[in-house]
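Using this note's numbering, read the sequence shown as starting at 1133 and increasing by one per residue. For each residue, glycine too, the CB sits at the ideal point set by N, CA and C.
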Amino acid sequence: MHLLSMNDLSIPGLKSLILETEDIKKRPGKYLDRLKGKVMLMLFEKPSTRTRISFETAILQLGGNAIDLNENVTQLGRGETIGDSARVLSRYADCIIARVRKHETIRELAQNATIPVINGLSDIEHPCQIISDLYTIYEIKEKLDGVRLTYIGDGNNVCNSLLLGCAMTGVNLTVASPKGYSPADVFVRKAEEISKETGSEIRIINDPGEAAKDADFLYTDVWVSMGRESEEADRLNAFSRYQLNKEIVEFADEDCKIMHCLPAHRGLEITNDVIDSEKSIVWDQAENRLHMQKTILLRSLK
Ligand code: CP
Ligand code: NVA
């Protein structure tokens, strides 16, 4: 019922979300009343443009209502526990979409809620982003199995969900991060375990040029995620060789596409000439968040 991690989805469940989104994107008129009378709560502890607005728009386009909750407008700001809040909110609404500083918070929310809880990003996962990105790749390649995706940068929340999502769908994923910034072992091990079933190849290396070789998709994310601001100086130093620039793109397949979950820090993890190039699919990637949020909402409320 909850979607806190890619681990909450089965492999067929993930694949069907991707297939269902085709119809939702092409025939939005069919889905206009699907959330009529339903109320979704948006509990965001961190800023968001894509996740919040794509969810709110999806809810409105499906005929439902979204209510903004944050610490300043609820008793959460005065110390009411997340567990107690979850119990009460479950008596009013139909679903909670939450962006949290700590993954434990969304776990506690889910443990105490009797309505579905959807993770709109935590410090360790970003499942809605990656489900949508897999759909974007599928839209272009008409398959996922055997597609070569390279992620260059921080082994962060986006990277963790990417590891699980690629392993589940047979995408061959190479991650190149500086030493000390590779994704956590627990996600790498889980991805390797899943890949035994799907045949996906998972590689975690340090050399960005080597990682980019023959890639169908090159993906990056910020070097300094929300909540890591105090590490900025060290990170800018450690990641300077891990920029998605023209030189790195040269290593990839001629038809390779550029992905970024956004927001981008132009001139740091990605250069203007790459994000604005013909190879870039970042705006389509952002648009697909809207279509996929609809699929996720409809599935969660079934
Ligand atoms: N990619 C993404 O989740 O963006 P926001 O932080 O704007 O929601
Ligand atoms: N890794 C980034 C993703 C933002 C959508 C962060 O957590 O800030």
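Would the beta-carbon of residue i be found less than 7 Å away from any heavy atom of the ligand NVA?
| i | result |
| --- | --- |
| ASN1288 | yes |
| VAL1354 | yes |
| GLU1174 | Looking at the sequence shown, residue 1174 is not Glu but Met. No, the ligand NVA has no heavy atom inside 7 Å of this Cβ. |
| HIS1258 | yes |
| MET1133 | no |
| LEU1465 | For residue 1465 there is no data in the structure shown, the boundaries of the chain being 1133 and 1434. |
Between the Cα of residue i and those of the options, spot the shortest distance and give me the residue it belongs to.
| i | options | result |
| --- | --- | --- |
| LEU1142 | ALA1344, THR1330 and TYR1283 | In the sequence under discussion, the amino acid at residue 1142 is Ser, which differs from the Leu named in the question. When each option's Cα is compared against that of SER1142, the closest is THR1330. |
| SER1137 | SER1186, ILE1191 and ALA1230 | ALA1230 |
| SER1180 | LEU1433, LEU1429, ARG1431 and ARG1421 | ARG1421 |
| GLU1271 | HIS1423, ASP1165, THR1183 and HIS1258 | HIS1423 |
| ALA1463 | MET1300, ALA1299 and CYS1291 | This structure gives no information on residue 1463, because the portion of the chain shown stretches from 1133 to 1434. |
| GLU1236 | ARG1223, VAL1249 and SER1254 | SER1254 |
| ARG1321 | ASN1139, HIS1134 and LEU1135 | ASN1139 |
| GLY1399 | GLU1382, LYS1378 and LYS1411 | LYS1378 |
| THR1282 | ILE1262, GLN1243, LEU1350 and ARG1335 | LEU1350 |
| ARG1373 | ILE1334, LYS1311, LEU1429 and GLU1410 | LYS1311 |
Cβ of residue i versus every heavy atom of the ligand CP: is any distance shorter than 7 Å?
| i | result |
| --- | --- |
| CYS1227 | no |
| CYS1291 | no |
| LEU1136 | no |
| GLN1243 | no |
| THR1268 | no |
In this structure, how does DSSP classify residue i when only helix, strand and coil are distinguished?
| i | result |
| --- | --- |
| LEU1167 | coil |
| ASN1304 | strand |
| ALA1230 | strand |
| SER1222 | coil |
| ASP1109 | Given that the chain is displayed from residue 1133 to residue 1434, the structure contains no residue 1109 and the question cannot be resolved. |
| ILE1390 | strand |
| LEU1350 | strand |
| VAL1249 | strand |
| ARG1373 | coil |
| ILE1402 | strand |
| LEU1430 | helix |
Checklist entry - At what residue ranges does the region 1254-1337 contain a whole run of the alpha helix (DSSP H), taking only runs of 4 or more? => result Listed in chain order, the complete alpha helix (DSSP H) runs (minimum 4 residues) inside the region 1254-1337 are 1259-1273, 1289-1301 and 1317-1330.
Checklist entry - Considering only residues of the region 1146-1193, which uninterrupted beta strand (DSSP E) runs meet the minimum length of 3 residues and lie entirely inside it, listed in chain order? => result You should have 1171-1176.
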